[in-house]
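See below for the structure under consideration.
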Amino acid sequence: TTQAKQTTSKEKSHPTMLVRAIALVSILALVEAFSFISRPKLSRTGVKPGPQVTTVASSSVDEGEILVSALGNLRDLAYETVVIKYGGHAMGSEDARASFAKDVALLQAASIRVVIVHGGGPMIADLLKKLEIPTEFVNGMRVTDEAVVEVAEMVLCGKLNKRTVHEINLAGGSAIGLSGKDDGLMKCSVMDPKLGLVGEPVAINTDLLNELLDMGLMPVIAPIGVGLEDGDSNTYNVNADVAASVVAKQLGAARLLLLTDIAGVLDKNKELLPSLTSAEVKGLIEDETISAGMIPKANMAVDAAENGVGKAVILDGRIPHAALLNLLGKDQTAGTTFSA
């Protein structure tokens, strides 16, 4: 008798060659469109008006180099894990959300193991205001009591998580929504007694996440955690940047991308700092160049870089396709890259 060929769950989960080829073509089309927008326009003779002369042939070579470079970056990330913190402008308008959903669906189809951790601070603030529940921030963290964490859980685990999953699935991806409460996904200790029920993730159920990724599913995580100790029945509100960093570290991710609403970390003159070390971040926090909500982002990016994540980057989520273009190596969305 002929023994039936056995395939592992991981092999079953990987996109077929046809699907992956379609994804690659779609991504290359996006790269080509983006590079076309940034290229100088040529006349019918291939001459750019003015003293500089650019030939069509050299332009084609440039395009080819861009495409080859993008394909190489994508190839290097195949079957690797990429954790994306999704929030801010990228999560705002319907068009921005649809663009993000298409991008991560393409990455998934190209055999990249994508994990999303989403925020929702503005929506939480809106509901707290409507309910007339006071709130305050300390070092970029929302002080959280039982009333605030109940609202955070409703917003994050309810509307936002399910909407994000639905939009990714509509874009052709295969996503599943989770919170830190599901199968003990995110167990937390108290971050700071002054912050109340703000959790610091300690243990991530990476077995659960890897099983879902092996099945071809994209985990979309709402950062609501549970207590680490058996006797702790509290629900914890977790900063999404903190949650994404810890998830990336414990999964051994190749990339951590933190989407925000500015170009990256800016200096006192509002100029982008393209790269920062741990010591530099500490100094910038001390002199208040890094302040408010950028503090947890920068600290978590450095922590990830120091603990095995291949690359940690704070990106401008206002730029269309920011995460996708960064992974393809487009320097227009370079943001701030962190190192130990």
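Here the sequence shown stands for residues 46 to 385, where the numbers follow my numbering. All residues carry an ideal CB built from backbone N, CA and C; glycine is no exception.
Measuring alpha carbon to alpha carbon, tell me which residue in the options is nearest residue i.
i: Ser320; options: Ala155, Thr381, Gly217, Asp121; result: Thr381
i: Thr251; options: Gly270, Lys294, Asp277; result: Lys294
i: Asn314; options: Ile335, Leu176, Ile266; result: Ile335
i: Glu245; options: Tyr124, Asn206, Val291; result: Val291
i: Gly389; options: His366, Ala385, Gly374, Gly362; result: The first residue shown for the chain is 46 and the last is 385, placing residue 389 beyond what the model contains.
i: Thr189; options: His366, Ala343, Asn282; result: Asn282
i: Tyr174; options: Ala192, Val160, Ile157, Arg158; result: In the sequence as presented, Tyr is not what sits at residue 174; that position holds Lys. For Lys174, the nearest C-alpha among the options comes from Ala192.
i: Asp237; options: Asn284, Leu296, Ala216; result: Asn284
i: Ile307; options: Arg208, Asn344, Glu325, Ala367; result: Ala367
i: Ala130; options: Gly353, Asn352, Lys342, Ala385; result: First, the residue type needs correcting, since residue 130 is Lys and not Ala in the sequence shown. Of the candidates Gly353, Asn352, Lys342, Ala385, the one whose C-alpha sits nearest the C-alpha of Lys130 is Lys342.
i: Lys327; options: Gly241, Leu176, Asn344; result: Asn344
i: His386; options: Thr126, His163, Val159; result: Lying before the first or after the last residue shown, residue 386 is absent from the chain, which here runs from 46 to 385.
i: Arg300; options: Glu316, Val354, Leu311, Leu176; result: Val354
i: Leu370; options: Gly137, Ser138, Met136, Lys147; result: Lys147
i: Ala324; options: Ala385, Ser278, Asp275; result: Ala385
i: Val210; options: Phe182, Ile161, Ile178; result: Ile161
i: Val247; options: Gly229, Glu139, Gly276, Arg208; result: Gly229
Going along the chain, which residues of its own chain have a beta-carbon closer than 6 Å to the beta-carbon of residue i, five neighbours each way excluded?
i: Phe383; result: Leu321, Ala346, Val347, Ala350, Ala357
i: Gly217; result: Ala150
i: Val194; result: Leu242, Thr280, Asn282
Are the CB atoms of residue i and residue j nearer to each other than 8 Å?
i: Ser219; j: Gln153; result: yes
i: Leu302; j: Gly309; result: no
i: Leu172; j: Ile221; result: no
i: Thr305; j: Ile359; result: yes
i: Ile266; j: Ala288; result: yes
i: Val128; j: Ile213; result: no
i: Ala143; j: Ala123; result: no
i: Ala197; j: Ile269; result: yes
i: Met23; j: Val243; result: Summary: the structure shown does not reach residue 23, with the chain confined to residues 46 through 385, and so no result is reported for it.
i: Leu296; j: Cys233; result: no
i: Asn118; j: Leu373; result: yes
i: Thr126; j: Arg158; result: yes
In or out: residue i buried (at least 16 other Cβ within 10 Å) or exposed?
i: Lys50; result: Because Lys50 sits at a pLDDT of 38, beneath the cut-off of 50, its placement in the model cannot be relied upon, and the point is left open.
i: Phe145; result: buried
i: Asp332; result: exposed
i: Arg120; result: exposed
i: Pro264; result: buried
i: Gly203; result: exposed
i: Lys239; result: exposed
i: Pro94; result: Residue confidence is low: Pro94 scores 44 on pLDDT, short of 50, so the model does not pin down where it sits. No coordinate-derived value is stated.
i: Met231; result: buried
i: Met260; result: exposed
i: Leu176; result: exposed
i: Leu258; result: buried
i: Asp286; result: buried
Ignore the nearest five residues each way along the sequence and tell me which others in residue i's own chain have a CB closer than 7 Å to its CB.
i: Val200; result: Gly165, Met168, Ile169, Leu172
i: Asn184; result: Ile340
i: Pro96; result: Confidence is the limiting factor: at Pro96 the pLDDT is only 45, short of 50, which leaves the residue's position unreliable and the question unanswerable from this model.
i: Ala141; result: His134, Ala135
i: Gly338; result: Gly185
Note down, in chain order, each residue of its chain lying with its Cβ closer than 8 Å to the Cβ of residue i, except the 5 sequence neighbours on either side.
i: Asp474; result: Here the chain covers residues 46 to 385 and nothing more, so residue 474 does not appear.
Within the 8 Å Cβ cut-off, does residue i reach chain D?
i: His163; result: This model lacks chain D altogether, as it is built from one protein chain only.
Segments of 3+ residues assigned as beta strand (DSSP E) that fall wholly inside the segment 135-174 | Residue ranges of uninterrupted beta strand (DSSP E) with 3 or more members, entirely inside the segment 135-174 and ordered along the chain, are 158-163.
Unbroken alpha helix (DSSP H) runs of length 4 or more, entirely within the segment 298-376: which are they?
-> Counting whole runs of 4 or more residues, the segment 298-376 contains the alpha helix (DSSP H) stretches 323-331, 339-351, 367-372.
Runs of alpha helix (DSSP H) lying entirely within the segment 263-297, each at least 4 residues, in chain order | The segment 263-297 contains these whole alpha helix (DSSP H) runs: 285-296.
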